[in-house]
Amino acid sequence: MDRDSGPRVPGQRIPAARAQEPDGGRRLRFSVLGPVRAWSDGEALPPGSPQQRAMLAALLLREGRTATAAELIDALWEEPPARALAAVRTYASRLRKVLGPGALVSEAGGYAMRTPDGSLDLQVAHDLAAKAEKARAAGDRRGARALLEQSLGLWDGEPLAHLPGPFAETQRVRLGEWRLGLVEQRLDLDLELGSHAEAVSELTALTAGHPLRERLRELLMVALYRSGRQAEALAVYTDTRQLLAEELGVDPRPELTELQHAILNADEELARPVVLHSVPDLAAPRPAQLPATVPDFTGRAAFVAELGELLALSEGSVMAVSALAGIGGVGKTTLAVHVAHAARPHFPDGQLYVDLQGSSAAAADPATVLGSFLRALGTPDRSVPETLEERAALYRSTLDGRRVLVLLDNARDAAQVRPLLPGTTGCAALITGRTRMVDLAGAHLVDLDVMSPAEALDLFTKIVGIERVRSEREASLDVVAACGFLPLAIRIAASRLAARRTWTVSVLASKLADERRRLDELQAGDLAVKATFELGYGQLEPAQSRAFRLLGLADGPDISLAAAAAVFDLPPDRTEDLLESLVDTSLLESAAPGRYRFHDLVRLYARACAERDEHPPARRREALERLLDFYLATASRVYGMERPGDRTVAHLERARDTGLSFPSRTEALDWLYAEAASILACVRQSLAQPTLLRRAVDLLLAAKDLSESGANSRAYEVAALAARDAAHAAGDAHAEGRARTTLTQVYIKAGRFDEADDEARRAVALREAAQDVWTHCNAANERGIVALCQGRFRDGESHLLEAIAAFRGDGNAPGEASALCNLSRVLVSMDRTEEAVELVRRGMAIYDDLGLTLRLANARFALGIAYAHSGRHVEALKEFNEALNIFEENRQRLWQGTTHFRIAQVHLAAKRPPLAARFAEQALTLGFIGGEWMRANILTVLGKALDALGQPERARACWQEALALYEAADADEAAEVRVLLTPLAA
591 MDRDSGPRVP GQRIPAARAQ EPDGGRRLRF SVLGPVRAWS DGEALPPGSP QQRAMLAALL
651 LREGRTATAA ELIDALWEEP PARALAAVRT YASRLRKVLG PGALVSEAGG YAMRTPDGSL
711 DLQVAHDLAA KAEKARAAGD RRGARALLEQ SLGLWDGEPL AHLPGPFAET QRVRLGEWRL
771 GLVEQRLDLD LELGSHAEAV SELTALTAGH PLRERLRELL MVALYRSGRQ AEALAVYTDT
831 RQLLAEELGV DPRPELTELQ HAILNADEEL ARPVVLHSVP DLAAPRPAQL PATVPDFTGR
891 AAFVAELGEL LALSEGSVMA VSALAGIGGV GKTTLAVHVA HAARPHFPDG QLYVDLQGSS
951 AAAADPATVL GSFLRALGTP DRSVPETLEE RAALYRSTLD GRRVLVLLDN ARDAAQVRPL
1011 LPGTTGCAAL ITGRTRMVDL AGAHLVDLDV MSPAEALDLF TKIVGIERVR SEREASLDVV
1071 AACGFLPLAI RIAASRLAAR RTWTVSVLAS KLADERRRLD ELQAGDLAVK ATFELGYGQL
1131 EPAQSRAFRL LGLADGPDIS LAAAAAVFDL PPDRTEDLLE SLVDTSLLES AAPGRYRFHD
1191 LVRLYARACA ERDEHPPARR REALERLLDF YLATASRVYG MERPGDRTVA HLERARDTGL
1251 SFPSRTEALD WLYAEAASIL ACVRQSLAQP TLLRRAVDLL LAAKDLSESG ANSRAYEVAA
1311 LAARDAAHAA GDAHAEGRAR TTLTQVYIKA GRFDEADDEA RRAVALREAA QDVWTHCNAA
1371 NERGIVALCQ GRFRDGESHL LEAIAAFRGD GNAPGEASAL CNLSRVLVSM DRTEEAVELV
1431 RRGMAIYDDL GLTLRLANAR FALGIAYAHS GRHVEALKEF NEALNIFEEN RQRLWQGTTH
1491 FRIAQVHLAA KRPPLAARFA EQALTLGFIG GEWMRANILT VLGKALDALG QPERARACWQ
1551 EALALYEAAD ADEAAEVRVL LTPLAA
C-alpha cells in the first residue's frame, strides 16, 4: 500500500460503491479523528488490539477501495513478522464479528469496508469543509466560519491516536496538517468578521506550537494590530525574522514583510477586514429595526423627495449622510422614519435604528449603541470588544460589503454620531437632532421647520375626519394656528378631539385660545413645543394628569410598570391602565412590554407641571420616596438571594415597600441588571433629600453586583462618588462611612489602591463616630485587601483579623468567610501556605453550609492561589476552573478575566508557556478586577510566556507596556519588570 496516499481532502475523493446499511440493518459509525472507534446503533463496539484498530483505520481511510493483504501488511508493520498474513486474516475475522455481516468484505485478494455515507467522521469533516469553501466563495463569511467550526469540532484529540504502524504515523501527520489548514481558514474568517481580540489568544498558542508557520504569524500580527497592540504586532515580525534566520537561514516571505510595512505606516486598510468579495453575507442577519411609520403621514413632499433621492444615489457610490435638525415636536423622527421606510429597497441588508436620547441629561453612550448594533448584525456577545474605538472599527468592518441604512434619532451632537457612521460605500445614515451638525463633515444638512398652514390642516383632517373639518373650517384653522403648526401639537390636539365625539372643533379652538393655560416662563424658542404639551396635558383626566406629573419626577431613562406603581401608590393593573392611556395620547412612549419612557422634552414639561400643580410639595417628595423604597426593598431581596445569611440586609435602612419577589436567582439578577440605569439614577436623585440620604446610600450597597459586572461599573462609581459627597456635605457620619466603604470597593476593582486606602481609612474613622457595625466590618475587610495589593502584608493581616472578629461578633457568617479567604491570600504572600489553605477551607465550609454559590467561587479562587503558591498545580487548576464556571454562570465577566490570569500563572509555573500565553490573552480580552495594575500583571506573565516560546521581541513589547503602567501607578512591581528588560536591553 502507498503510505503517502493519505486521506482524500476535499476535491480528491474517489467515488466507490457504498452499502446503505450493513446486513442486519444496524447503523454503524466510525471515528478516526481521534482514537479509532466504532459504534453500532449508538453503542460503542469493542476496540480490539492496537493492530486490529490500525487495520480498521487503514481500510476506512481507503474510502471503499480494496486493500490487498500485502498493502495491509505494509501499513501495519515496518518489519512484518513471519506470520503477518495470518495475523491480517485473524484481524479481518475479528472485525467481521464485531461489525456484523456486510461491513467488511473480501474481494480481489484483499479487503474493503462498505459503509454508508456520513458514517465516518473524516468524511463528514471533508463535506463540511467543502461547503465552507463554497460559502466563502459566495461571500457568506459567517456561514463559512460556522461550517468550519463544525468540521473542526469533529476532532477528538490526535487523529489515529495510539495506533502502531507506518501508515498510521504518516496519516497522523497528514491529518494534523489538514486540520491546521482548516484552523487557519477559520481564523482568517474570524479576522474578516472583526473577532480580532478573541483570535489573539488562540493565535498566540498556535504560533508557539508551530513557530515556523508564517501564515499563523501573519494572522497574529493582524489580530494584534487591530486590537490596538501595534508594538506587539511589530515584535512578532522581528521574532519571526530572527527565528527563520536561525533555524532555516531564510528571510520571511514577502507577504509577511509587506504586512510589517503596512503596520509601520499605520495603513488604514489594514484595520478593515480582508474581504475578497463584495457580495453580502448570505447568512448574515438582516436587521429591520425601523419604527413603524405613521399611516397618516402628511406633507413634507419636498423633503421626502430630496432625502429619498440622496439615499437612492448612495447605491454603489459613496456613503450618504443626511442630518435633520429642528425643535422638538417638529416631526424630525416622523419624517426620517417615513423616508427610511421608502428607501428600504435600496438597503437590502437591513436597517438599524437607535434613539440617542440627545436632549436628556444622560445621552446614549456610543459604545453601548455600537454593542447593540453589532449584536443585531450577528456579532456574538463574546466577540464584542470593550472599547469604543474597537467597537467602531468592528462595526465598520461588519458593514463592509453590505448595504445598510442607519437611522440615528435624537442625536446630541456630531461627536456622539461620528463613531456610529458606517464609513463604507453603499451604506447611508439618517440623523435627527435639535442642533444643526455643521461640524459633521460631508453631511447633507436639512433644517426642518413647522408645517405650512395647508399641511397642518391636512394632518388635522386625516386624524379627526374630513366631515368635522369641512363643517368648521375656520375653527380648524384656528386650532392648527394655536398649535403653532407644530406636527406633534396638532397630533395631540386632533387625537383628543377624535376621541371625544361630543366635542365640536370650536370647543377645542376656544380651549386653545386661552393663552393663560400656557407656560409663560418658557423661552421664546421653545414656546411652541411646550405649549403643545400644555394642550395635551390640559385635556387629561385628573388621574391621568397626576400620573403624568409624578412620572416626570423620576430621573431614570425609563421606568418599569412595577416601579411606576410604586410612584403612583396604585395597584399594577390600575397603573398599567393609566400608563397605556398616556401612551395613547402620545405623551408617553412604550419602550418595551412593561417599560415606559418620556420624550426628553415631555419629561421636562411633566416635571414643570409637577412643580406647578402637585401641591403640597410634600407629595412630590413622597412619590420619589416611594420609588426609592421600591428599589431598596427589591434590590435588598436580590442581595439576600445572592448571599443567604449575609447580615448586610439586616443593617440596611428599612424600606417602606415590600418590593418584588423572584422565583429564582437568575430572574432576580435579570431584574437587577435590567434596572441598573434606573436604580443608579434613583440613588443620585435621592441624595439631594436629607431624609432619603441614608436609604439612597443603602440602595447603592444592595446593588453592589452592578459594580462587578463590567457594563455598569463606571456608572456605579459615579453614584458612589455622589453619595460620598452628599453624605459629607450633610454631616451624616453614618451614611458617609458606608459611602466611603463602597467607594473603597470600587477603587479596589479599578486598581486604584492609594485612593482605596484613603477612603477606607476615612471610613474607619467615621464608623467610630457613627457606631456603625456594617462599616466597621466591611471597612476593615477592604483595608486588608488594599494592604494585600500594596504588599503591606503585616498590615493586611491585622486589618483582616479585625474584620473576622467584627463579622463574627455581628453573626455575619458570609462576611467572616470572605475575610478568612482574604486573610488566606495575605498568608500565602507571607509563605504561610498551610495556614492559608486551612483558612480558606474554613471559609468554603461556611459558604457550602449557606448555599452561597457565587461567594464559593471567590473561596475556590483563593484556594487556587494557595495551591499555586505551594506548587500544587493540578489542584490549583481544578479550583480555578471550578471558580471560572461559577463566575461565568453569574455573569461576572471581570472575575472571569481575573481567573484566566491566575490560570495563566499556574501554567507558566508548570512550564507550559503556550497555555500560559493563551489564558493571559483571554484575560486581556475579557477584562479583569484591578484596573491598569492588573493589566500590567497580565502583560508581565504574557511576556514571560512569550519569552519562553522564543518570541523575545513580543515579550519585550509586553514588558515595556507593563513597566509604563506600573510606573504610572508607582507600583513596586516595576522593579521586577526592569530586571526582565535589562538582559534584552544589553
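Under our numbering, residues 591 to 1576 are what the sequence shown spells out, in order.
Glycine residues also receive a C-beta, built at the ideal position from the N, C-alpha and C atoms.
With a threshold of 7 Å, establish whether the CB of Arg731 neighbours any heavy atom of the ligand ATP. You won't find the ligand ATP in this model; it holds no ligand whatsoever.
What does the alpha-carbon distance come out to for the pair Pro975 and Val1430? 35 Å
Check the C-beta distance from Val996 over to Leu942 and give it rounded, since I have them as a contact under 8 Å. 5 Å
Tell me which same chain residues have a C-beta within less than 7 Å of the C-beta of Thr1014, skipping the five on either side of it? Met909, Arg986, Leu989, Asp990
Do Ser1276 and Leu1270 have their CB atoms nearer than 8 Å? no
Would you identify the three-state DSSP class for His1205, choosing helix, strand or coil? coil
Going along the chain, which residues of its own chain have a beta-carbon closer than 8 Å to the beta-carbon of Arg1185, five neighbours each way excluded? Asp1148, Ile1149, Ser1150, Leu1151
When the distance is taken between beta carbons, is Leu1290 closer than 8 Å to Glu1326? no
Assuming contact is defined by CB atoms lying nearer than 8 Å, are Arg1227 and Val1157 in contact in what I supplied? no
Quick one, are the C-beta atoms of Val790 and Arg807 less than 8 Å apart? no
So, helix, strand or coil for Leu1570, using DSSP? helix
What span of residues does the beta strand (DSSP E) with Leu880 cover, start to end? That residue, Leu880, is in no beta strand (DSSP E); it is neither H nor E in DSSP.
Taking DSSP as the reference, what is the three-state secondary structure of Ser1460? coil
Using the Cβ count rule (16 or more neighbours within 10 Å means buried), how would you classify Gln642? buried
Collapsed DSSP secondary structure at Phe1188 in the structure displayed: coil
Can you tell me whether DSSP reads Glu633 as helix, strand or coil? strand
Quick check on Arg627: does DSSP put it in helix, strand or coil? strand
What are the residues that DSSP puts in a beta bridge with Met703? Leu694
Please check the pair Glu1358 and Leu1333, which I expect to be a contact at CB under 8 Å, by giving their CB distance rounded to whole angstroms. Between Leu1333 and Glu1358 the Cβ distance is about 18 Å, and since that is not below 8 Å, they are no contact.
List the endpoints of the continuous alpha helix (DSSP H) containing Glu1276. Per the sequence shown, the amino acid found at residue 1276 is Ser instead of Glu. Taken as a continuous stretch (DSSP letters only), the alpha helix (DSSP H) holding Ser1276 covers 1266-1276.
Tell me which same chain residues have a C-beta within less than 8 Å of the C-beta of Leu1168, skipping the five on either side of it? Ala1133, Gln1134, Ala1137, Phe1158, Leu1160
Rank Lys1534, Leu1555, Phe1477, Met1027 by C-alpha distance to the C-alpha of Leu1444 and give the top, closest one. Phe1477
What do you reckon, are the CB atoms on Cys1367 and Asn1402 nearer than 8 Å? yes
Residue of Arg704, Glu767, Leu779, Arg764 minimising C-alpha distance to Ala727: Leu779
Looking only at its own chain, which residues have a Cβ that is under 6 Å from the Cβ of Arg1164, when we skip the five neighbours before and after it? none
Of the listed residues Ser1303, Arg1492, Gly700, Leu1098, nearest to Ala676 (C-alpha basis): Gly700
Rounded distance between the beta-carbons of Glu1372 and Ile1338, thought under 8 Å: 7 Å
As assigned by DSSP and simplified to three states, the class of Asp1581: There is no way to answer for residue 1581, as the model of the chain reaches only from 591 to 1576.
What three-state label does DSSP hand Glu1179 in the structure shown? strand
Proximal residues to Pro1009 (C-beta, below 7 Å), its chain only, five neighbours per side dropped: Pro956, Leu960, Leu978, Ala982
Using a 10 Å radius around the Cβ and a threshold of 16 neighbouring Cβ atoms, would you call Lys1534 buried or exposed? buried
Simplified DSSP state of Gly1128, which is helix, strand or coil: helix
Measure how close the beta-carbons of Phe1451 and Ala1435 come, nearest whole angstrom, since I'm counting them as under 8 Å. The Cβ separation is near 16 Å, so there is no contact.
List, from N- to C-terminal side, the alpha helix (DSSP H) runs of 4 residues or more that fit wholly inside the stretch 982-1039. 1004-1007
Below 8 Å, how does it come out for the stretch 674-692 and the stretch 770-787: are there three or more Cβ pairs, yes or no? no
Cα-Cα separation between Thr1423 and Lys721, rounded to whole angstroms: 55 Å
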